[in-house]
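Take a look at the structure below.
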Amino acid sequence: MEEFRRAFSRIEKISTLANEDRVNVALIDDGVDICDLDNYNNVVQTAGFSCCPPLGRSERPWHRSGRGHGTIMANMIVRVNPWVYLYVIRIQESTSRTGNRMIYTDSAATGIKAATDLHVNIISISWTVESKVETGMNTTEIGKDKQTIASTAIANLGAAVDDVIRDGKILMFCSTSDDIMFSEMDILPYQKGQKNVFRIGAALPLGQRDHQSEEEDNIDFYMPGNRVAAALNPRSADVIKYHDGASVSTALAAGLGSLIMHCAYIAQKHLEEKIQPGNNIPLGRLREALRRRHNMHTAFTNIDAPEWKKKKYLPVWKVFGPAAEEMNRMKSDDDKMDVIVRLVQNLCYRIL
Numbered sequence: 224m225e226e227f228r229r230a231f232s233r234i235e236k237i238s239t240l241a242n243e244d245r246v247n248v249a250l251i252d253d254g255v256d257i258c259d260l261d262n263y264n265n266v267v268q269t270a271g272f273s274c275c276p277p278l279g280r281s282e283r284p285w286h287r288s289g290r291g292h293g294t295i296m297a298n299m300i301v302r303v304n305p306w307v308y309l310y311v312i313r314i315q316e317s318t319s320r321t322g323n324r325m326i327y328t329d330s331a332a333t334g335i336k337a338a339t340d341l342h343v344n345i346i347s348i349s350w351t352v353e354s355k356v357e358t359g360m361n362t363t364e365i366g367k368d369k370q371t372i373a374s375t376a377i378a379n380l381g382a383a384v385d386d387v388i389r390d391g392k393i394l395m396f397c398s399t400s401d402d403i404m405f406s407e408m409d410i411l412p413y414q415k416g417q418k419n420v421f422r423i424g425a426a427l428p429l430g431q432r433d434h435q436s437e438e439e440d441n442i443d444f445y446m447p448g449n450r451v452a453a454a455l456n457p458r459s460a461d462v463i464k465y466h467d468g469a470s471v472s473t474a475l476a477a478g479l480g481s482l483i484m485h486c487a488y489i490a491q492k493h494l495e496e497k498i499q500p501g502n503n504i505p506l507g508r509l510r511e512a513l514r515r516r517h518n519m520h521t522a523f524t525n526i527d528a529p530e531w532k533k534k535k536y537l538p539v540w541k542v543f544g545p546a547a548e549e550m551n552r553m554k555s556d557d558d559k560m561d562v563i564v565r566l567v568q569n570l571c572y573r574i575l
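First residue of the sequence shown? That's 224 in my numbering, and the numbers climb one at a time after it.
Structure representation (structure tokens):
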């Protein structure tokens, strides 16, 4: 995918077209350290806001990350598609008594609602929330009040997911829990979304399911999620870091979805230049069609190869690799854009 990104970026027209109608991706996480975001020579565009209340006298803005998790997710998205408009929505989180990451449910609900109000194209969620409130044996008034507040927060989060589904034009990519003790119906957002969201699991380098991810019947697609190397950043003197988990897989999937939408738009613009005014543009409605979940699912499924048997682990190198090689052989921008058109036609077969 990185070779495809480099080949794609060498098309001179791309820099102009990319700014006309970017794919809007909302990353709902713990913020992004903007100085550590890979911007690919200022190609990436960002905006954001924070749903976190101040901590004492200190603000918790969107352009800083609480623990670095959101920064990793952002870099995974833009390494696949740096031509996005990345909306960073920072939500409140803390560490549980067991040392695990704990998302504040009400803050998560506010973040999802904000993304819906922004009419983004894609929402990337690399965290999960338990959908049930632990009742325990606490029957005091304070205990009951806490349970009521927690139940209300979970209901608000479920309602926010419902709003995304009702919109019908926002793709939501959600990670599985890295704790296999939880089933798909124990966690939000998936419990509310089910067949209306993309549920992404982690895979090992050769395509096997990571042992911490659930069986494939409950997963839409698997993406790399085990020892995934961070993109090489020429501005950083640090050694290459490796990242694990379905959260990484989800960010990569969101990046891939946004790249397919971006390629569809570029292909459409190229054909508009070549086809006489008044004639139908073959891919004219494709960008909008890809905002529907079933259409993007078809595009993902079309990333395939005859000998490839792991249908939920997408062989992107078999599809985007040859396209990159072909673009590198071409001399003119028009010929390179023709490669993008053919790629989009193959990816979006049976959509229009």
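Don't be surprised by glycine CBs; every beta carbon is placed ideally from N, CA and C.
Residue i and residue j: beta carbons closer than 9 Å?
| i | j | result |
| --- | --- | --- |
| Thr318 | Cys274 | no |
| Ser398 | Ile251 | no |
| Lys183 | Tyr445 | For the chain, the structure presents residues 224 to 575; residue 183 sits outside this window and is missing. |
| Ile442 | Met395 | no |
| Thr339 | Ile377 | no |
| Ser330 | Glu316 | yes |
| Ala454 | Glu225 | yes |
| His493 | Asp561 | yes |
| Ser349 | His292 | yes |
| Leu575 | Arg508 | yes |
| Ser481 | Val307 | yes |
Whose CA, out of the options, lies closest to the CA of residue i?
| i | options | result |
| --- | --- | --- |
| Glu496 | Cys571, Asp556 and Asn247 | Asp556 |
| Leu537 | Phe272, Thr351, Met484 and His520 | His520 |
| Asp440 | Val387, Thr524 and Arg422 | Arg422 |
| Pro305 | Phe543, Gly381, Asp386 and Val248 | Val248 |
| Met484 | Ala230, Ala241, Val246 and Glu353 | Val246 |
| Leu380 | Ile314, Gly424 and Gly391 | Ile314 |
| Asp385 | Leu427, Ala373 and Ile335 | Ile335 |
| Ala426 | Lys535, Pro529, Asp527 and Ala546 | Lys535 |
| Asn464 | Arg515, Asn298 and Ile574 | According to the sequence as given, residue 464 is Lys; it is not Asn. When only C-alpha atoms are compared, the closest one is Asn298. |
| Gln268 | Asp244, Arg573 and Arg290 | Asp244 |
Can you tell me which of the three DSSP states residue i falls into?
| i | result |
| --- | --- |
| Gln268 | strand |
| Ser349 | coil |
| Leu570 | helix |
| Glu439 | helix |
| Pro545 | helix |
| Thr321 | coil |
| Ser273 | strand |
| Ile248 | Residue identity check: residue 248 is Val in the sequence provided, not Ile. If DSSP states are grouped into helix, strand and coil, Val248 belongs with the strands. |
| His466 | strand |
| Glu201 | This structure leaves residue 201 out entirely; the chain is present only between 224 and 575. |
Exposed or buried, residue i, counting other C-beta atoms within 10 Å across all chains shown (16 or more means buried)?
| i | result |
| --- | --- |
| Ala382 | exposed |
| Gln337 | Reading off the sequence shown, one finds Ala at residue 337, where the question assumed Gln. So Ala337 counts as buried. |
| Arg565 | exposed |
| Ile300 | buried |
| Thr321 | exposed |
| Lys367 | Any answer about Lys367 is weak, because its pLDDT of 46 lies below 50 and its placement is not dependable; what the coordinates show is given next. When all chains shown are included, Lys367 counts as exposed. |
| His342 | exposed |
| Gly448 | buried |
| Ser400 | buried |
| Ile365 | For Ile365, the predicted model reports a pLDDT of 47, less than 50, meaning its position is unreliable; a value from the coordinates is still stated below. With fewer than 16 Cβ atoms within 10 Å of its Cβ, Ile365 is classed as exposed. |
| Ile295 | buried |
| Ile563 | buried |
Exercise. So does the region 233 to 251 actually touch the region 566 to 573, counting three or more Cβ pairs closer than 8 Å?
Worked result: No, because fewer than three Cβ pairs between the region 233 to 251 and the region 566 to 573 fall closer than 8 Å, the two stretches do not touch.
For this session: Indicate whether the contact test is met: 3 or more Cβ pairs, each with one atom in the region 546 to 553 and one in the region 475 to 482, closer than 8 Å.
Result: They do not touch, by the three-pair rule.
Exercise. If you pair each beta-carbon of the region 252 to 259 with each one of the region 274 to 289, do three or more pairs fall below 8 Å?
Worked result: Using a C-beta cut-off of 8 Å, the region 252 to 259 makes contact with the region 274 to 289, since at least three inter-stretch Cβ pairs fall below that distance.
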